[in-house]
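Heads up, the sequence shown is in this note's numbering, so the first residue is 23 and it goes up one at a time. Reading through the structure tokens given below for one structure.
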Amino acid sequence: MFTACTDQAKFEGAPAADALEELARVRDAFRQESARACQTCSDSVLEEMARRLPTRAEDLDAIPGVGQRFAERYGEAFLEVTRRYAAGRSGATGLRCETAESLRRLEKNLTDLGKGNRMLFQPRMYRTGSIDATDIRGADVLGTLFRGGSFDTGDSDEAVRRHVTEIVREANREYREKGGFDLYLAYPFVEGRLSDGFPVRAPLALFPVEVRREKGITRVSVDGSRDPIFNGTLVLANMKASGEDGPLPDPTLEDVSEDGFADRLARFYAEAGMRLSWAEPGPVPFRGGDADRMPRYSDGELQVLPFAVLGRYPLYSSCVQRDFASILSGSQVSGILDRMAGSPRCVPDISGKRIRERDVTCANPLDSAQERIIAALDDSDGLVVQGPPGTGKSQVIAEVVTSAAVRGMNVLVVSEKKTALEVVLSRLGPLSRYCMLIDDAGDKDAFYSRLSSMLSAEAPCAVPDLEAATEEAERSIGVLDDIAASVYVEK
């Protein structure tokens, strides 16, 4: 679980003056080029940009007064400014080699290497996931992949057309919700067993496709804006099976020509420790079945099969892994992540630090270890709390939220599991009415209902002045410390 506290006044108060001035210069430059340019970009729009510092084109859509036409024509110029200031605000730094290497190791640990991953084992076609390309009547797979051709579902029966439509619809839904378009034409496949006996029936190369629909007919062609790739997940699984460790090879397939494709494919996997050979270009109908129904392959025996499948193949096992890949593809990283994943550093010992009452604001009793954690957050921008179940970690997070809220801060709590968020929410008590639990991005009704409840909640009462009570508690603790010192002093 991850908890971040942000100062409302600092992060959502007055816009950054330097950013506002630079954004105004960008707008004025456009207006000098054309009298009609950027007329809709008012001072209030610039102030909102400087306040929010958007980093993506989608972020501009959330700013009142910014229309789609403005974002398409001028958005990138303004985003160049806001991205720079947003990076400075987050303490961004250059991506160092040791940090990148640590992130690559962590990314490998996030990869799903089980049989449930279609990048490793595909037992059959799925209704909203994949279709055998040979079932699409007249589909010229090799011409589409290597000769700039395309194919459509016009000559196929209604069931096939409906099947392809459902796959495309699901791919578009995933793109809207998760930001990744995972529709590919997979060709060829490999079947057999890795050196540890793990069964595989996996695509060897994935060609990104784009689809166009007209009058119920779907046309498929290769997407030239994205590179074809080899199966990096399969390479990682083979490294694990053979007990090897090291960097993953770049899976990008840059030069795509029909004549040399088989040689490039065999060479890539040979360098990864997988010996492949194939003679029949195909494609041939997909032959599925569970692992126990495969032909009897010995450990390490792999056979290339010219199957061609149109389907969704997620390159990342989770959104977190996708984020890791996005970070590694850039040149900057946040300061917190750099310090966490970079070279080892000295962590100050806080166990002996005296905790004052004014350092910790809590709604429930805490033990000394929990108090030290909350107090340490004032001196650190990153802290890892580790402990077995039942040791009060959720209680600490709830008290961190309470302490930050008393000081006028906003808090974001992120967890992989919904149950963990619900536990923290329940421990917040009356404060929970001012919180939003967002657990299902697809359930818009629940989101708006929770948002309405939060906005209609009564305004919180003023924070009471605890200074006098804090000073009295400090004096009492001081007296007790003196007594303890006199009792346990060595003579």
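Ideal Cβ placement from N, Cα and C applies to all residues, glycine included. As the structure is a prediction and not an experimental result, all values here were calculated from the model.
Using a 10 Å radius around the Cβ and a threshold of 16 neighbouring Cβ atoms, would you call T441 buried or exposed?
exposed
Ignore the nearest five residues each way along the sequence and tell me which others in F173's own chain have a CB closer than 7 Å to its CB.
I158, G160, A161, D162, T166 and V242
Classify V342 as buried or exposed, calling it buried when 16 or more other Cβ atoms lie within 10 Å of its own Cβ.
exposed
Would you give the residue range spanned by the alpha helix (DSSP H) that F229 belongs to?
Here F229 belongs to no alpha helix (DSSP H); instead the beta strand (DSSP E) covers A227 to E236.
Note down, in chain order, each residue of its chain lying with its Cβ closer than 7 Å to the Cβ of D245, except the 5 sequence neighbours on either side.
P230, V231 and E232
What does the Cβ neighbour count give for P250, buried or exposed, with the cut at 16 atoms within 10 Å?
buried
Cβ-based burial, S498 [other Cβ within 10 Å; buried from 16]
exposed
The stretch 311-325 touching the stretch 188-205, judged by at least three CB pairs closer than 8 Å:
no
Where E393 and K466 are concerned, what is the direct C-alpha to C-alpha distance, given to the nearest angstrom?
38 Å
Three-state secondary structure (DSSP) at E266?
coil
Starting from R215, trace the beta strand (DSSP E) in both directions and tell me its first and last residue.
F211 to R215
Does the Cβ-Cβ distance between V306 and L287 come in under 9 Å?
no
Going by beta-carbon coordinates alone, are A294 and V257 separated by less than 9 Å?
yes
Burial state of I395, where buried means 16 or more other Cβ atoms lie within 10 Å:
buried
Just curious, the alpha helix (DSSP H) that Y96 is in, first and last residue?
Q90 to R111
Kindly indicate the opening and closing residues of the beta strand (DSSP E) around Q325.
L324 to L327
Return helix, strand or coil for R146, following the three-state DSSP convention.
coil
How many Å lie between V278 and F211 at the Cα?
17 Å
Can you tell me whether DSSP reads E476 as helix, strand or coil?
Residue 476 is actually Met in this sequence, not Glu. Here M476 sits in helix by DSSP.
Just how far apart, CA to CA, sit A208 and V222?
15 Å
Tell me whether the stretch 408-422 and the stretch 435-450 touch, counting them as touching only if at least three CB pairs, one residue from each stretch, are closer than 8 Å.
yes
Contacts around I239, its chain only, beta-carbon distance under 8 Å, and the 5 residues preceding and following it disregarded:
D174, T175, G176 and R183
CB of A109 within 9 Å of CB of P76, strictly
no
Check whether the Cβ atoms of L68 and L45 lie closer than 9 Å to each other.
yes
So, do the stretch 89-98 and the stretch 121-138 have three or more beta carbon pairs nearer to each other than 8 Å?
no
Endpoints, beta strand (DSSP E) assigned at V244
I239 to V244
F220 vs A259 beta-carbon contact at 9 Å
yes
Classify E493 as buried or exposed, calling it buried when 16 or more other Cβ atoms lie within 10 Å of its own Cβ.
exposed
Taking the alpha-carbon positions, what's the N386 to E421 distance?
8 Å
By DSSP, does F168 sit in helix, in strand, or in coil?
helix
Pairwise C-alpha distance: F168 and G542
With the chain covering 23 to 513 only, the question about residue 542 has no answer from this structure.
If N253 sits next to L228, beta carbons under 8 Å apart, how far is it from one beta carbon to the other, in whole angstroms?
7 Å
For a minimum of 3 consecutive residues, which ranges assigned as the beta strand (DSSP E) are wholly contained in the stretch 154-203?
172-174
Just curious, the alpha helix (DSSP H) that G357 is in, first and last residue?
G357 to A363
Residue nearest to D400 in terms of C-alpha spacing, selected from R149, T413 and A426
A426
Could you please give me the residues that DSSP links to Q354 through a beta bridge?
G116
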